[in-house]
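Peer 1: Each residue of the sequence shown is one higher than the one before, counting from 1 in full-length UniProt numbering. We put the CB at the ideal spot given by N, CA and C, even for glycine. All values derive from a computational prediction rather than experimental measurement. Got a structure here, written out as structure tokens. Questions coming.
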Amino acid sequence: MFASKASPLRKQTHKQESGDQGKGKDFISLGLQNGHLVFSYQLGSGEAEILSKERINDGLWHKITAVRTGKQGYIQVDGRTIQHGQSPGRSVMVNTKGNIYLGMDHFTLLDLLIHVAVMC
């Protein structure tokens, strides 16, 4: 569950550097994009992006379900309509060679303090 008012939850932008061919670029991301919940993942052969139909940036608490099994994924907001999606290609799992971040991208404490100060 999360409250969408003043939440740091937002869609992360993942960039692939030229020549990397997707190595080490797999990710799973859950965030907000223009008020909609967005569930994205990259398994190495293309990105899936699943967007909720309803906007949830209303300051209320929402129950979010996000599931990925192989290439298939879905999201559900407040037990209502399920939005499905799937990643392209043959890859079915996330491969990571580095850190895994839960809650937000690899911000430092200083980055977080600056972000919060700007919001106030």
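Sort D58, G70, T96, K97 by Cα distance to G89 and report the nearest one.
Peer 2: Position 89 of the sequence shown, counted from the first residue, corresponds to residue 89. It is G70 whose Cα lies nearest to the Cα of G89.
Peer 1: When you compare the CB positions of S29 and S45, do they come within less than 8 Å of one another, or not?
Peer 2: Translated into the one-based positions of the sequence shown, residue 29 becomes position 29. Translated into the one-based positions of the sequence shown, residue 45 becomes position 45. No. Outside cutoff.
Peer 1: Are the beta-carbon atoms of Q86 and Q72 separated by less than 8 Å?
Peer 2: Translated into the one-based positions of the sequence shown, residue 86 becomes position 86. Translated into the one-based positions of the sequence shown, residue 72 becomes position 72. Yes. Within cutoff.
Peer 1: For D26, which residues from the same chain have a beta carbon less than 7 Å from its beta carbon, with the 5 sequence-adjacent residues on both sides left out?
Peer 2: As a first step, residue 26 must be located in the sequence shown, where it is residue number 26. Q42, L43, G44, V94, N95, T96, listed in sequence order.
Peer 1: Per DSSP, what kind of secondary structure is V67 in: helix, strand or coil?
Peer 2: For this step, residue 67 is matched to residue 67 along the sequence shown. Of the three classes helix, strand and coil, the one that applies to V67 here is strand, per DSSP.
Peer 1: By Cβ distance, which residues of its chain are closer than 8 Å to V92, with the 5 residues on each side in sequence left out?
Peer 2: The residue given as residue 92 occupies position 92 in the sequence shown. Correct list, in chain order: L43, G70, K71.
Peer 1: Taking the beta carbon of R55 as the centre, do at least 16 other beta carbons fall within 10 Å, making it buried, or is it exposed?
Peer 2: Working through the sequence shown from its first residue, we reach residue 55 at position 55. Under this definition R55 is an exposed residue.
Peer 1: DSSP on V92, reduced to helix/strand/coil?
Peer 2: Translated into positions along the sequence shown, residue 92 becomes position 92. Reduced to three states, the DSSP call for V92 is coil.
Peer 1: Does any CB atom of chain C fall closer than 8 Å to the CB of I64?
Peer 2: As a matter of chain content, chain C is missing from the structure shown, which is built from one protein chain.
Peer 1: For S52, which of L32, G98, N99 has the nearest alpha-carbon?
Peer 2: Within the sequence shown, the letter at position 52 stands for residue 52. The shortest Cα separation from S52 among L32, G98, N99 belongs to L32.
Peer 1: Is R55 helix, strand or coil by DSSP?
Peer 2: Locating residue 55 in the sequence shown gives position 55, where the first residue counts as 1. The answer is strand: DSSP assigns R55 an E or B state.
Peer 1: Measure the C-alpha to C-alpha separation of N99 and E47 and round it to an integer number of angstroms.
Peer 2: Mapped onto the sequence shown, residue 99 falls at position 99. Mapped onto the sequence shown, residue 47 falls at position 47. For N99 and E47, the distance between alpha carbons rounds to 20 Å.
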